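Numbering (my numbering), first residue to last: 86 to 1056. The beta carbon of each residue, even a glycine, is placed where N, CA and C say it ideally should be. All values derive from a computational prediction rather than experimental measurement. In what follows, a single structure is set out as structure tokens and then discussed.
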Amino acid sequence: MTPSASERYAAARRRQAAARTELARFAAGYDFPLDDFQVQGCEALERGEGVLVAAPTGTGKTVVGEFAVHLGLAKGLKTFYTTPIKALSNQKYLNLAERYGREKVGLLTGDTSINPHADVIVMTTEVLRNMLYSGSRDLGRLGFVVMDEVHYLADRFRGPVWEEVIIHLAPQVQVVSLSATVSNAEELGDWLGHVRGTTAVVVSEQRPVPLTQHMMVGRRLLDLYTVPDSTVGTPGEADGAASVLPPLNPELLTAVRSARRAAAGGTGASTHARRYQQPWRRGSAVGGRAPRRSESGARIARLRPPSRLSVIDALEAAHLLPAIIFIFSRTGCEQAVSQVVAGGVDLTTEAEARRIREVIERRTAEVPVADLTVVGFHAWAHALERGVAAHHAGLLPVFKETVEELFSAGLVKVVYATETLALGINMPARTVVLESLRKWNGSAHVTLTPGEYTQLTGRAGRRGIDVEGHAVVLAADDVEPALVSSLASRRTYPLVSAFRPTYNMAVNLLGRSTRQRAREVLESSFAQFQADRGVVELAAQARRRRHSVAGLEEQMACHLGDFREYALLRQRIADAEADLSRQNRASRRTDTSREMSSLRRGDVVVFRTGRRSRHGVVLEVGEDRTATPALTVLGEDSRVLTLSPDTVPDGVVRVGSLRVSETVDVRRPRERDRLVGRLVEALRSGGLEQEERRRRRTRGGGGSDGTGGAQERIEALRHEMRAHPCHACPDREEHARVGRTWSKALAEADRLQARIESRTGTVARVFDAVCQVLLELGYLEPVDRGHPERELRVSAAGRLLARVYAERDLLVAECLRQGVWDGLDSAELAAALSACVYEPRATAQGMWLPVAPGTALGAALRAEARVSRRLNDLESLMRLPASSGAEPALAGAVAAWAQGAGLAHVLEDSELTAGDFVRWVKQLLDLLGQVASLPPDAEDPELSARVAGLAVLSAEASLDISRGVVAWSSV
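Shown next as structure tokens:
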């Protein structure tokens, strides 16, 4: 239907008005039209609203954040662009500086400050939180805050910072929240509306480049589905319901079955090929473990993933490079690069190799030549020239930045990366490969979640370059097509708040408001918002459970008496027996701890692992981070083991001793073999066995183990059960089976009710416990000493704590107050403070340069450990989770570095890479900077004098350690 003249006139007026908007001027600066969701987000901003944009990785949601920057400059207001990680901050700073000019853009990341008073400042989220609490003058003209990767608020370590910022920003500031796709974006938007005012929620499920899912079986690359992946799942469908899942590719299923039969029969590959089929696994397929068999005796095949060389060959043949291959291990990434380079992979032309060398030379021009060998420069550069690289958190920043530049330029074709690459760094590829669907989460190996799978595969497909992106999963023993489909198709991955009150947060809140107002602020958190909503569902569950309990009571009705009483008696007996068993295990653990603590270097012990007893000679008696005894022993099989009461629950028995000099180092093969020979000879002589038999006869004895009372209570309950009328019921056991189900249902109903009662005011209760710890330590004081539960005020020590922004804020403040660091020089201070920053990836003994116990630094580290234990005791008393304690493992290396030692010496005998060392030292620089800027407090002259002295030393220490590899960066 042809529009009328008036309709055409109205449309023309709308087009004219749109052309005069800031959005039109902003969009004119791009060489591509904005997508609908980008336009919606930008229009909401121009209307003066906040906005939440949830869209897949690589869709261009940062365009909305950049429009906030444009609006701020147009209106003469400041814009802060926050990111979760420094690498992303650096990258965004360079992008914005190139677009708007370096004079208008600044960067603040804790250890880096460039143009800090600019109208546009890129920063880590922690920096903005610190500015809010310190009342920075730079907040004066703040009009916009962009929170990139806002889904980070689910991170249990750093997530609370995001919510602190959102809650405490001035009401007139417009907040732009950019998130990966989450299934509860509307819930997050509702909360933002409550705390920030009107907030538009813009959700896009559409990828800018379609994604095709594949699996690689042997050398074959096969589609996962028989229809395009765009049909997989739909927005709003729960968990990717089976009704919308396309069928799996029959050819793929046949290939997997054929590969399993070939593996079971040992056919289809030569001995050489089988041996090197998966070179990153220990051992080889030849002469390895016996094949697994089912209960019927049939062989069960181990389907191994294709070799890394095969993967690259297949991707190159299918024109699917460049590719990011995710390996959830830093060591695995480095090994992969070494393997494919050694295998002859060369993906670059001579011209590309020449350009790569030019970039390497430019990027590393300021690197001291003496350190190049230490950081593996030559192998790294050689691999880059072949078009292959690794990317992980353990790399030096300058190495990572070089890899990112070369990959983005299309010069590096394959990058082996850990999952940190998926966190916002702009490195899109044509293809993403997942070597495994399991990763280590810090405590166990777990399968990827659908959200993690989506985040990783979101890197596949370069907008404006690729027609489609490709995700490839390697078929293996534990990776079936159905599992891959469940991850690729599921659409439910909710965002759950990790917010919790911290010590620094508490003193800052109470320094600015009353206790009641502080509680109200905390109860406006997303965590409490979700908890309150969850009560409705919990109440429904409780009602259903109580209905189930009533039905079970009818089924177990007994004509002889109340069978509920009888069922509860039986349950009490079962619980008492379980308690007695736990008590016995705890008693055995205590005995084992006592036995271990009494041992000395050179003692020969016997211990049980599995079904056999083994002998070992004690090398060291120490403690782990929980003060549990830990024995380092050298076994008769030449293996060095760490034993604890948990790993040897049957205990250890001393059966003799050998003289072992303090100079013996079992890391030297010759000395280890010599000591093992002495141990074996002593065992063969029989003297140790005779002593073992004597000691076993004297072990145990008639001493009471403290369980007699528990046994008597169990017998009394059994007597009461036998006297109950229902004990004589002919249907007793049938009723009892129902009774067990009934007692479990009743306990579940009680637990649900307790959860309902605990949900209301959850965050505020934790805040009260935090305040109680601070009150006990003197960081808070009661306004009315007769009623400490009422109003509180911040003491001089509390004002000091308010300026310490670190994960172990209370530990830092308490060590400073107690004079733990008095008398140290600048290098020793840096080393001591490193214990308040460093967090080991795994327990490792003797990993770094040692610190002599008789030195001032050694005394300071022991004092820090004592302070940590006292804080943990207080937290336990207040039912708070224990905060991280002092970790001294890095101290020796930091002291040596601060005193001018070379990188080779610092990393000697270390399990950490140069990149890890730099990362921790940069965090230490941040903390040193905070200590250096602590203000004096007139109320406490003694504390002020100590702070002033440490401030000077901290500034000196910062200069001492900010050199060499630590100072290398392109920004």
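Give me the Cα-Cα distance between V691 and T675, rounded to the nearest whole angstrom. About 18 Å.
Proximity below 8 Å, CB of Y923 to CB of A999: No.
Segment contact flag, the stretch 1021 to 1035 with the stretch 998 to 1012, C-beta cutoff 8 Å, min 3 pairs: Touching, no, given that fewer than three Cβ pairs across the two stretches are closer than 8 Å.
Within its chain, find whatever has a CB closer than 6 Å to the CB of R547; leave out the 5 residues flanking it on each side and keep chain order. P513
Per DSSP, Y501 is paired with what? I410 and A475
Does the distance from the C-beta atom of F242 to that of A591 stay below 8 Å? no
Using DSSP with H/G/I as helix, E/B as strand and the rest coil, what is A358? Summary for A358: the model assigns pLDDT 40, below 50, so the residue's position carries little reliability, and this model does not support an answer.
Have a look at Q615, Q613, Q424 and L1035 and flag the residue whose alpha-carbon is nearest the alpha-carbon of D910. Comparing Cα positions, the closest option is L1035.
If you pair each beta-carbon of the stretch 819 to 838 with each one of the stretch 636 to 643, do three or more pairs fall below 8 Å? yes
What residue range is occupied by the uninterrupted alpha helix (DSSP H) comprising P566? In this chain, the alpha helix (DSSP H) harbouring P566 covers P566 to S574.
If we count Cβ pairs, one from each stretch, closer than 8 Å, do we get three or more for the stretch 700 to 719 versus the stretch 827 to 834? no
With DSSP run on the structure shown, which of helix, strand or coil describes F152? Correct three-state label for F152: helix.
Output the distance between the C-alpha atoms of R657 and A265, rounded to the nearest integer angstrom. Between R657 and A265, the C-alpha separation is close to 49 Å.
Give, in chain order, every unbroken run of the beta strand (DSSP E) that is at least 3 residues long and sits entirely within the stretch 153 to 228. 163 to 168, 190 to 193 and 205 to 209
Taking only three categories from DSSP, how would you classify Q1057? With the chain running from 86 to 1056 in the structure shown, residue 1057 is simply not present.
Span of the alpha helix (DSSP H) holding S1039? P1026 to I1046
CB of E504 within 8 Å of CB of P390, strictly: Judged by their CB atoms, E504 and P390 are not nearer to each other than the 8 Å cut-off.
Terminal residues of the alpha helix (DSSP H) in which E680 lies: F648 to S682
How about V286 and I251: are their beta carbons less than 8 Å apart? No.
Same chain, Cβ closer than 7 Å to T1057, neighbours up to 5 away in sequence not counted: Nothing in the structure corresponds to residue 1057, since the chain is present only between 86 and 1056.
Please report the straight-line C-alpha distance between A323 and L522, rounded to a whole angstrom. For A323, the predicted model reports a pLDDT of 40, less than 50, meaning its position is unreliable; a value from the coordinates is still stated below. Using only the alpha carbons, I get a separation of about 22 Å.
Selected residue, minimal CA-CA separation from V1003, among L716, K485 and A948: When only C-alpha atoms are compared, the closest one is K485.
Uninterrupted alpha helix (DSSP H) stretches inside the stretch 413 to 488 (no shorter than 4 residues): Complete alpha helix (DSSP H) runs here, min 4: 415 to 427, 435 to 448, 454 to 457 and 462 to 470.
So, is L1044 buried or exposed, given that buried needs 16 or more other C-beta atoms within 10 angstroms? exposed
Got a sec? Which residues, its chain only, sit under 6 Å from Q857 by beta carbon, not counting five neighbours each side? M963
Three-state secondary structure (DSSP) of Q540: helix
Option in A556, E271, L277 and A450 with minimal Cα separation from A408: A556
In whole angstroms, what is the alpha-carbon distance linking H155 and T144? 20 Å
I need the DSSP call for H809, collapsed to helix, strand or coil. Look at H809 here: in three-state DSSP terms it is coil, with no helix or strand label.
Closer than 7 Å to a non-hydrogen atom of the ligand SAH - does that hold for the CB of A203? Among the components of this structure there are no ligands whatsoever, and the ligand SAH is therefore not found.
Could you compute how far the alpha carbon of P88 sits from the alpha carbon of C127? Pairing P88 with C127, the inter-Cα distance amounts to about 29 Å.
Report yes if the C-beta distance between T284 and V231 is below 8 Å; otherwise report no. no
In whole angstroms, what is the alpha-carbon distance linking A112 and I199? Their Cα atoms are separated by approximately 28 Å.
In this structure, how does DSSP classify M963 when only helix, strand and coil are distinguished? coil
Taking the Cβ atom as the reference point for each residue, do N593 and D894 lie within a distance shorter than 8 Å? Taking 8 Å as the cut-off, the beta carbon of N593 is found no closer than this to the beta carbon of D894.
Since T168 and T197 should fall inside the 8 Å C-beta cutoff, what is the C-beta to C-beta distance between them, to a whole number of angstroms? With 8 Å as the limit, T168 and T197 do not qualify as a contact, their Cβ atoms being about 13 Å apart.
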